[in-house]
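For reference, the structure discussed in these notes is given below.
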Amino acid sequence: MLWGILVPVVGWIALAAVIWVGHGVILTWTHNFFYGRVHSRWLADFFQLLHGLLLVLPPFLWACLGPSFYQGEWDTPWGRVAIAHGIICLFALPVLLLVTWRRWARVNPPGVRLENRERLDPDECPQARLGGAGLRNWLAHLKFNETLHPEIVEYSLELPNLPPAWDGLRLMHLSDLHFHGTPEREWYQWVLEQGMRREPDLVVCTGDLVDGTHFHQWIGGTLGRLKWREHALVVLGNHDSWYGPDSLRKDLKRLGFKDLGNRWQVIQVRGEPMVVGGIESPWFAGEPNLEDAPAEIFRLLLSHTPDHLAWAAKHQVDLMFAGHVHGGQVCLPAFGPLVMPSRHGRSLDRGWFQQGKTRLYVSKGLGGTHPVRWNCPPEVMLLTLRTGGKKP
Ligand SMILES: [Fe+2]
Numbered sequence: 214m215l216w217g218i219l220v221p222v223v224g225w226i227a228l229a230a231v232i233w234v235g236h237g238v239i240l241t242w243t244h245n246f247f248y249g250r251v252h253s254r255w256l257a258d259f260f261q262l263l264h265g266l267l268l269v270l271p272p273f274l275w276a277c278l279g280p281s282f283y284q285g286e287w288d289t290p291w292g293r294v295a296i297a298h299g300i301i302c303l304f305a306l307p308v309l310l311l312v313t314w315r316r317w318a319r320v321n322p323p324g325v326r327l328e329n330r331e332r333l334d335p336d337e338c339p340q341a342r343l344g345g346a347g348l349r350n351w352l353a354h355l356k357f358n359e360t361l362h363p364e365i366v367e368y369s370l371e372l373p374n375l376p377p378a379w380d381g382l383r384l385m386h387l388s389d390l391h392f393h394g395t396p397e398r399e400w401y402q403w404v405l406e407q408g409m410r411r412e413p414d415l416v417v418c419t420g421d422l423v424d425g426t427h428f429h430q431w432i433g434g435t436l437g438r439l440k441w442r443e444h445a446l447v448v449l450g451n452h453d454s455w456y457g458p459d460s461l462r463k464d465l466k467r468l469g470f471k472d473l474g475n476r477w478q479v480i481q482v483r484g485e486p487m488v489v490g491g492i493e494s495p496w497f498a499g500e501p502n503l504e505d506a507p508a509e510i511f512r513l514l515l516s517h518t519p520d521h522l523a524w525a526a527k528h529q530v531d532l533m534f535a536g537h538v539h540g541g542q543v544c545l546p547a548f549g550p551l552v553m554p555s556r557h558g559r560s561l562d563r564g565w566f567q568q569g570k571t572r573l574y575v576s577k578g579l580g581g582t583h584p585v586r587w588n589c590p591p592e593v594m595l596l597t598l599r600t601g602g603k604k605p
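Per the working numbering, the very first residue in the sequence shown carries number 214; after that it's consecutive.
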């Protein structure tokens, strides 16, 4: 008797759990898709709240069905909704597994080599208040949290047809610093100092510098300390677009950064020309008109979001840097990240990608509005160019 009741109950609970996972997967897709496009801060916050509410909705729906549904009377209006919802959610699971498998099967593009990965110890930072004064600073001190434990990642990239003068040229890539109080300004100074020890020739920064106009005043004391041999290049991100982007651009220009927001120019690097461009859409209107750029010159593109990879490949970009997605910040073992603000979901989450001849590096970034990271430490990336390699 008891067994006869227990088996169906356990069966329904197991089925509900699987359907709920599929429900979460679909919501994650719609969240990622929308958040990768949205312009307004208000709309982004509203959409996140809506997704949070939708995530907890299924148990209420199932509770409303009543005992008759679980005894086989499915042909009611709510019953039909529950069946349709369940079938759609179950279909999402194989797609999730396929995307996860593709993520695991991914390999670096030819010519890319990991040279060194150094995890920094925040105890070496002399500033005591590492968690800073940000709104959610207590999160930074959670035991599992990697927010205060950055790494310096060093790659080399062998490319065909590089000017011989660029052999050994070193670029330092910064992204998504998100100044908002946590971590403290001294933490950023310390991390950037570690990157500077590698003596970059170019500094490239792919946006989301500030989370509040008040934090413009951090720019001089952090990025203002950087040194480079050739150039420093920057584009802004979606968070910058919400907090005084015009004055931020002025601050950066004062420090010597070239603002590449939706434009391109030719610069001289070790006496050789390089086309450098930046793309900040959809948060700032326009895109660089690379059709007018000299075709035979190496093209470097900075983009806040990695979603412009196809655009870059179409415009014969050689090397592209992006950020925005923060590597997902929280990455489950074997599965990877959950929430990714990209039209491509988890497909362009972190590291190296290639489309056409374009090599793209997506940074995990240094900060985040929510200072929580797991299996996804903040990073400064250094890339050394090497001449050679085969044409793609
Ligand atoms: Fe960001």
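Don't be surprised by glycine CBs; every beta carbon is placed ideally from N, CA and C.
Query                                                                                                                                                             : Result
Measuring alpha carbon to alpha carbon, tell me which of 441, 556, 498 ends up nearest residue 242.                                                               : 556
Since residue 472 is in the beta strand (DSSP E), which residue starts that stretch and which ends it?                                                            : 470-472
Residue 616 to residue 484, Cα distance in whole Å?                                                                                                               : No answer is possible for residue 616: the residues shown for the chain start at 214 and end at 605.
Is residue 509 helix, strand or coil when you go by DSSP?                                                                                                         : coil
Cβ of residue 414 within 7 Å of any heavy atom in ligand 1?                                                                                                       : no
Measure the beta-carbon distance from residue 447 to residue 472 and round it to whole angstroms, keeping in mind my assumption that it falls under 8 Å.          : 6 Å
Nearest by alpha-carbon distance to residue 436: which of 247, 467, 459 is it?                                                                                    : 467
List in chain order: all unbroken beta strand (DSSP E) runs of 3+ residues lying wholly within the stretch 320-392.                                               : 325-332, 364-372, 383-387
Measuring CB atoms only, is the stretch 558-565 touching the stretch 344-359, in the sense that at least three cross pairs come out at less than 8 Å?             : no
Report all residues from its chain with a CB closer than 7 Å to the CB of residue 278; omit the five preceding and five following residues, and keep chain order. : 291, 292, 295
What's the gap between the Cα of residue 398 and the Cα of residue 300?                                                                                           : 50 Å
Could you tell me which residues DSSP puts in a beta bridge with residue 547?                                                                                     : In DSSP, residue 547 forms no bridge with anything.
Helix, strand or coil for residue 273 per DSSP?                                                                                                                   : helix
To the nearest whole angstrom, what separates the beta carbons of residue 561 and residue 575, a pair I think is in contact under 8 Å?                            : 6 Å
CA-CA distance, residue 599 and residue 381?                                                                                                                      : 6 Å
Under the criterion of a Cβ to heavy atom distance below 7 Å, does residue 391 qualify as lining ligand 1?                                                        : yes
Could you tell me which of 521, 283, 444 sits nearest to residue 386, measuring between CA atoms?                                                                 : 444
Buried or exposed: residue 353, going by 16 or more other Cβ atoms within 10 Å of its Cβ?                                                                         : buried
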